[in-house]
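Asks:
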Amino acid sequence: NAETSFVPCEGKISFNDECPSPFTENTKVEGNLVVEGDIKRLGGNIHASGPCNKADCRSSGFHSLVLDGGKFDVQSGGGISMQAGDTDKANTAGSEIFLRSGDGTSTVGGAGGDMLLFAGDGAGAISSGGKYGRGGSVYITAGGVTGEGSQSAGGSVELAGGASTAIGGSVVLVSGSGGTVSGDVKIASNDAHKFANSGSVSISSGDSLGGSSGSISISTGDTAESYVGAIQLSAGSSTIGKGGDVRVSSGQSVDVGNGGDAVFESGEGGSVFIQTSSSRQLSGSISLTSGSSAFDESGEVVIASGPSSDGNKSGDMKVSTGTSGSTGGTLQLISGNARDVSGVGGGIEIFAGNGVSADQYDGG
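So, in structure tokens, the structure goes:
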């Protein structure tokens, strides 16, 4: 209670139990309103509530505002809007909104508080005569720029896991589960205006000074009773210029001759197809070459079928040119030339397979 000298009550804020409590539709406070608790007598809490009685209310419940030493709770019968102030000052940004959960400052199991952001659930069902139910969406959008200028840039959206002296926090993007189809996960840059470049999409693991850098794994999910999803890497098409390239490169190494491998391997029993696309004019070529070397021999090119178990035939190898309505393609086997005067050009050797029986004619 307030001091006994605080007498006026009618139409104003009352802190004295002796004052009457008639209903007042509006109570206006001009100036500052200070609610301050005391360590001995406590107090200092704010609790405001009332029924939802306006046209924009979507609930028959109450709205409430509770602020005390243990929580800050806001509940609305309609929407909740929070906006920082604008500014018209030159070279000045608008006011920011800062939301932060509490720190766990104790060295005995102290942990930072979580920050939870949920959209509402939807219970709609066609069987009830309404529309399909739909869960609420969560939109996080950075600010745009309305002014002109080649260096103007829209705001960024950054999601970062927390730092740690041991294991850093993860960033997980997971779509929702579904009874028929789970949700999609789409990562894409936005379209660009005419004559402008669209943004790039970069997926990379972090660098490391002393340990191993992280791996990147792209895989589709398993299935027990249907087809497994495919992985498709496609560059963009162009109506005028050249289509985009698809490049798969393994990592380089400071240690000479120890670069990473590039491995293309099918699943058990599956095939590996390398082919260019069909064309109305000249179709593309396929080139299998090893890299050049400045101080040593260049790498080999080995094309071979795999070995087979006892009693079975190993796979055949066929090299052929395509059929044509006029002239078929030529098949050429050419060994390398020598640039040095004392050098020797490469040879061509063709061997048939050996047999292990005593019959002299069992070789290939």
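According to the working numbering, the sequence shown is numbered sequentially starting from 676. Beta carbons: idealized from backbone N, C-alpha and C, even for Gly. Source: prediction; values computed, not measured.
Could you tell me whether the Cβ atoms of residue 743 and residue 720 are closer together than 8 Å?
Replies: In the sequence shown, the residue the question calls residue 743 occupies position 68. In the sequence shown, the residue the question calls residue 720 occupies position 45. Taking 8 Å as the Cβ cut-off, residue 743 and residue 720 qualify as a contacting pair.
Asks: Please determine, among 909, 866, 974, the residue with the shortest C-alpha to C-alpha distance to residue 920.
Replies: To locate residue 920, count along the sequence shown from 1; it is residue 245. The option with the nearest alpha carbon to residue 920 is 909.
Asks: Look at the alpha carbon of residue 831 and the alpha carbon of residue 863, and state the distance between them as a whole number of angstroms.
Replies: Within the sequence shown, residue 831 is the residue found at index 156, counting from 1. Within the sequence shown, residue 863 is the residue found at index 188, counting from 1. The straight-line gap from Cα to Cα measures roughly 14 Å.
Asks: If we count the other Cβ atoms within 10 Å of its Cβ and call it buried at 16 or more, is residue 722 buried or exposed?
Replies: What you label residue 722 is simply residue 47 of the sequence shown in a count that begins at 1. Exposed is the call here.
Asks: What is the rounded straight-line gap between the Cα of residue 955 and the Cα of residue 945?
Replies: What you label residue 955 is simply residue 280 of the sequence shown in a count that begins at 1. What you label residue 945 is simply residue 270 of the sequence shown in a count that begins at 1. If I take the Cα positions, the gap works out to 30 Å.
Asks: Identify the residues that DSSP records as bridge partners of residue 742: which are they?
Replies: Here residue 742 is taken as the residue at index 67 of the sequence shown, counted from 1. In DSSP, residue 742 forms a bridge with 721, 747.
Asks: Would you call the region 776-794 and the region 746-762 in contact, with 3 or more CB pairs under 8 Å?
Replies: Touching, no, given that fewer than three Cβ pairs across the two stretches are closer than 8 Å.
Asks: Is the beta carbon of residue 896 less than 8 Å from the beta carbon of residue 889?
Replies: Here residue 896 refers to the residue found at position 221 of the sequence shown. Here residue 889 refers to the residue found at position 214 of the sequence shown. It is not a contact, given that the beta carbons lie outside the stated cut-off.
Asks: Give the DSSP bridge partners of residue 761, in chain order.
Replies: Residue numbering aside, residue 761 sits at position 86 when the sequence shown is read from its first letter. None; residue 761 has no bridge partner.
Asks: Tell whether a beta-carbon distance below 8 Å holds between residue 836 and residue 843.
Replies: Position 161 of the sequence shown, counting from 1, holds the residue named residue 836. Position 168 of the sequence shown, counting from 1, holds the residue named residue 843. It is a contact, given that the beta carbons lie within the stated cut-off.
Asks: Could you pull out every residue in the same chain whose Cβ sits closer than 6 Å to the Cβ of residue 904, ignoring the five residues on either side in sequence?
Replies: Your numbering for residue 904 matches position 229 in the sequence shown. Taken in chain order, the residues that qualify are 895.
Asks: Apply the 10 Å Cβ neighbour rule to residue 738 and answer buried if 16 or more other Cβ atoms are within range, or exposed otherwise.
Replies: Counted from its first residue, the sequence shown places residue 738 at position 63. Label assigned to residue 738: buried.
Asks: How close, in whole Å, do the beta carbons of residue 951 and residue 960 come, if the pair is a contact with beta carbons under 8 Å?
Replies: Along the sequence shown, read from residue 1 onward, the residue named residue 951 stands at position 276. Along the sequence shown, read from residue 1 onward, the residue named residue 960 stands at position 285. About 7 Å; that satisfies the 8 Å criterion.
Asks: Do residue 799 and residue 809 have their C-beta atoms within less than 8 Å of each other?
Replies: Here residue 799 corresponds to residue number 124 of the sequence shown, with the count starting at 1. Here residue 809 corresponds to residue number 134 of the sequence shown, with the count starting at 1. Yes.
Asks: Below 8 Å on the Cβ atoms is my guess for residue 794 versus residue 811; work out the distance and round it to an integer in Å.
Replies: Walking along the sequence shown from the start, residue 794 turns up at place 119. Walking along the sequence shown from the start, residue 811 turns up at place 136. Rounded, the Cβ-Cβ distance is 3 Å, consistent with contact.
Asks: Just how far apart, CA to CA, sit residue 679 and residue 741?
Replies: As a first step, residue 679 must be located in the sequence shown, where it is residue number 4. As a first step, residue 741 must be located in the sequence shown, where it is residue number 66. Its pLDDT being 39, under 50, residue 679 is placed unreliably in this model, and the coordinates cannot settle the point.
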